[in-house]
């Protein structure tokens, strides 16, 4: 076939060239306009502003930061605040989500109905509204430090946030945590050895139970020999503020609470669907082979359910990370609030700031998907 | 051979007690769970009902009605500002225009949602093309007999619906094009579609809105500066197109290859294959997914308040700082009201989505 319109090869090349040319033209038009506008408005471009002194304070900093620090430092502070909320939110919402998913399938009628109601209420109300509710309607109206609510000994709830006891390391700490690490490594090796032996000889060894015992007993021994590993320093309640203790800001608590409760409803549905998708015959076959209920669950049901749970769970984890940007609405200093909010307003470097912010979220999304894809590939069905 | 005595029916099954025993108290563990669950209910439901109904203030003209110990929700706050929550600051003399838009949308939507209603094709064209144009003319005005109403005066449920409906009207066709592009055999088109889809799915909507409101003006020629709402609509539309594309792609993947091959064998061109054979089947498969995307979009419209546009939630929040209605339980009342509004919309849509899902699966069940 020669060069003719009826040759699909030719047509495909013509179409693609056309589309590419159109895209390039549009991009070129916008870049040229932007350059013109920047010159007209006298806005300098480039990332030099990152080294300039920021001059504003941030209410939660995980790394040293003062008003004299640079915009680049402020960016790091915001990024770490985003990451801390995201990581804590992911862990808590996954745990709560599994509990809710299992509860929805519980033979206990009342529990199943409560879990169902929870899911239907939570996932049909916008997350931003829930954040406003927790922050403006629940946490902010709490009493001040003097009348704060002492939920547990040393745990105070007030309009200053959630105050927890501060764990302070003692002399025995090194030995204690060393023993804990040693027990974990020993347990891991033991489980692998037991599995290999079972494959080779068929002999069973209660590796999990022994490993659990190791993890409890070894640190306790270290405690007895080396002395107390740490003690809790309780906060003291003053008239206007607390002294000592670990303080979680009300913004932080509201954000973690809102993200966790909202995302857990979605994860609960994913878990329920995953468990329900495992054929009833699988469990029956396992029982017919003489496996115990717990073994059936661990070796037959869960591995098959996980295969269906992991891909949508990944997108929920990504959603939670992206949703943490709603922090800006309740003034928690996350990446968007600090960088795309304050820094952008002060410097006016809209293009650079928005580009960096989006690049960070794209990188986080990509990293999370890669990690979850790797995990998914490990547990995926291996067919012949 | 003597007959065995006939066995009676299992005791208590079928009775209320039997049901309780089976479902709530079948074992010690189950009983503990039931008690814990009942305790949870007791902790949450009575206070909520007391606040929202029994202790609530239902009538009153001013904030004084809601002051005092032990009073629950301050519903007069909601009644007094109801118009604002629905229309924002839309001029009172022009509100009939908004009402016509609401009514038209409702009248066109109902037959669309009923599977057996006729003339779906015209209905779709009306809803996706004609209706948005009518709504635009009526709402924005600037025509003879229709004085202009700037978008800065729009608000409340009106803005929520405008953002959500624009999102769906743009994202459906754009999403279909992107989904086809992602499955195209032409590498350049496939790459561009993938980049577009993954970019929008990888960034949070908040940053998209920031981009639309701060960065977009820099990319447009001088003098051409669309107003804030329009810029946000562009952002929301592109954002939801990427999600819609993935939903449609799922539907395309569910169509067996034989359908494509048969269409090719019958001599249909690419667009005929897609338009007459593949898309009608694929889209029907993904109606639940489309509705779910719409629910997500509807909830996400609340984010526009971050860039200074007042949707329902934004209006409620603005109202809470109004000194004439400052009451201690104001925040709880306002957010409870907004929550109920959103819940009714979203729950209704999700019920519709699962109804369609059951309907689609009806033929496949055994």
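Chains as they are written, first to last, in the numbering used here: chain A, 13 to 396; chain B, 4 to 369. Backbone N, C-alpha and C fix where the C-beta goes; we use that ideal spot for every residue, glycine too.
Three or more C-beta pairs below 8 angstroms linking the stretch 177–189 of chain A and the stretch 269–278 of chain A: Using a C-beta cut-off of 8 angstroms, the stretch 177–189 of chain A makes no contact with the stretch 269–278 of chain A, since fewer than three inter-stretch Cβ pairs fall below that distance.
Taking three-plus beta-carbon pairs below 8 angstroms as touching, is the stretch 293–305 of chain B in contact with the stretch 77–87 of chain B? Between the stretch 293–305 of chain B and the stretch 77–87 of chain B, the count of Cβ pairs shorter than 8 angstroms is below three; the stretches do not touch.
Please name the residues in the stretch 336–359 of chain B whose beta-carbon is closer than 7 angstroms to at least one beta-carbon of chain A, in chain order. Taking a C-beta cut-off of 7 angstroms against chain A, the contacting residues of the stretch 336–359 of chain B are 338, 341, 342, 345, 346, 349, 350 and 353, listed in chain order.
Name, in chain order, the residues that DSSP records as bridge partners for residue 255 of chain A. Residue pairing from DSSP places residue 255 of chain A in a beta bridge opposite A:248.
By DSSP's criteria, residue 178 of chain A is part of a beta bridge. Which residues make up the other side? In DSSP, residue 178 of chain A forms a bridge with A:245.
Under 7 angstroms Cβ to Cβ from residue 223 of chain A, same chain only, skipping five residues before and after it: list those, please. Leaving aside the five residues that flank residue 223 of chain A on each side, the residues in its chain whose CB is nearer than 7 angstroms to its CB run, in chain order, 199, 202 and 203.
Would you mind working out which of A:360, A:391, A:28 and A:243 sits nearest residue 184 of chain B, comparing C-alpha positions? Looking from the CA of residue 184 of chain B, the closest CA among A:360, A:391, A:28 and A:243 belongs to A:28.
Extract the residue ranges of the alpha helix (DSSP H) inside the stretch 349–379 of chain A, only unbroken runs of 4 or more that lie entirely within it. Within the stretch 349–379 of chain A, the complete alpha helix (DSSP H) runs of at least 4 residues are 356–359.
What three-state label does DSSP hand residue 60 of chain B in the structure shown? If DSSP states are grouped into helix, strand and coil, residue 60 of chain B belongs with the strands.
Short check: CB of residue 335 of chain B to CB of residue 174 of chain B, under 9 angstroms? Result no, Cβ atoms of residue 335 of chain B and residue 174 of chain B do not sit closer than 9 angstroms.
Nearest residue (CA-CA) to residue 37 of chain B, options A:120, A:24 and A:17: The shortest C-alpha separation from residue 37 of chain B is found at A:120.
Which residues DSSP lists as bridging residue 168 of chain A, in chain order: The partner list for residue 168 of chain A (beta bridge, DSSP) reads A:162 and A:175.
Close beta carbons around residue 123 of chain A, own chain, < 8 angstroms, minus the five adjacent residues each side: The answer, listed in chain order, is 115.
Residues that residue 91 of chain B bridges to, as DSSP identifies them: In the DSSP assignment, residue 91 of chain B forms a beta bridge with B:157.
Buried/exposed call for residue 11 of chain B, threshold 16 Cβ in 10 Å: The residue in question, residue 11 of chain B, is exposed, as its Cβ has fewer than 16 Cβ neighbours within 10 Å.
At what residue ranges does the stretch 318–349 of chain B contain a whole run of the alpha helix (DSSP H), taking only runs of 4 or more? Secondary structure remark: continuous alpha helix (DSSP H) runs of at least 4 residues inside the stretch 318–349 of chain B: none found.
Taking just the CA atoms, how far does residue 218 of chain A sit from residue 248 of chain B? Separation of residue 248 of chain B and residue 218 of chain A (C-alpha to C-alpha, rounded to the nearest whole angstrom) is 50 angstroms.
Would you say residue 296 of chain B faces chain A, with C-beta separation under 9 angstroms as the test? Judged by the 9 angstroms Cβ criterion, residue 296 of chain B is not in contact with chain A.
Listing by chain order, which chain A residues have their CB less than 8 angstroms from the CB of residue 192 of chain B? Those within 8 angstroms of residue 192 of chain B in chain A are 27, 28 and 31.
Let me confirm a value: residue 370 of chain B is counted as buried when at least 16 other C-beta atoms fall within 10 Å, else exposed. Which label applies? Residue 370 of chain B lies beyond the stretch modelled for chain B, which goes from 4 to 369, so this question has no answer here.
Under the three-state DSSP convention, the category residue 289 of chain A falls into: Helix.
Thinking C-alpha only, which one of B:176, B:71, B:182 and B:258 is nearest residue 132 of chain B? Checking every option, the nearest Cα to that of residue 132 of chain B belongs to B:176.
As assigned by DSSP and simplified to three states, the class of residue 214 of chain B: Residue 214 of chain B: helix per DSSP, three-state reduction.
Determine, for residue 213 of chain A, whether the minimum Cβ-Cβ distance to residues of chain B falls below 9 angstroms. Chain B contact via Cβ: absent.
Rounded Cβ spacing between residue 178 of chain B and residue 244 of chain B (contact assumed at less than 8 angstroms): The pair is a contact, with the Cβ atoms about 5 angstroms apart (cut-off 8 angstroms).
Helix, strand or coil for residue 368 of chain B, going by three-state DSSP, please let me know. Per-residue confidence for residue 368 of chain B stands at a pLDDT of 48, beneath the threshold of 50, marking its modelled position as unreliable; no derived number is given.
With the cut-off set at 9 angstroms, would you say residue 236 of chain A and residue 192 of chain A are in Cβ contact? The Cβ atoms of residue 236 of chain A and residue 192 of chain A do not sit closer than 9 angstroms to each other.
Short of 7 angstroms in beta carbon distance, which residues of its chain neighbour residue 63 of chain B, apart from the five on each side in sequence? Order them along the chain. The answer, listed in chain order, is 69 and 79.
Starting from residue 45 of chain B, follow the alpha helix (DSSP H) in both directions and report where the run begins and ends. In the DSSP assignment, residue 45 of chain B falls within the unbroken alpha helix (DSSP H) covering 31–52.
Report the residue from B:32, B:266 and B:142 whose alpha carbon sits nearest the alpha carbon of residue 157 of chain B. Nearest of B:32, B:266 and B:142 to residue 157 of chain B, Cα basis: B:142.
Helix, strand or coil, according to DSSP, for residue 187 of chain B in the structure here? In the structure shown, residue 187 of chain B sits in coil (DSSP, three-state: anything other than H, G, I, E or B).
When B:229, B:258, B:210 and B:51 are compared against residue 347 of chain A, the one with the closest alpha-carbon: Closest in alpha carbon position to residue 347 of chain A, among B:229, B:258, B:210 and B:51, is B:210.
Helix, strand or coil for residue 390 of chain A per DSSP? If DSSP states are grouped into helix, strand and coil, residue 390 of chain A belongs with the helices.
Does DSSP put residue 65 of chain A in a helix, a strand or coil? Strand, per DSSP.
Any C-beta of chain A sitting closer than 9 angstroms to the C-beta of residue 311 of chain B? Not closer than 9 angstroms to any Cβ of chain A, the Cβ of residue 311 of chain B fails to qualify, so no.
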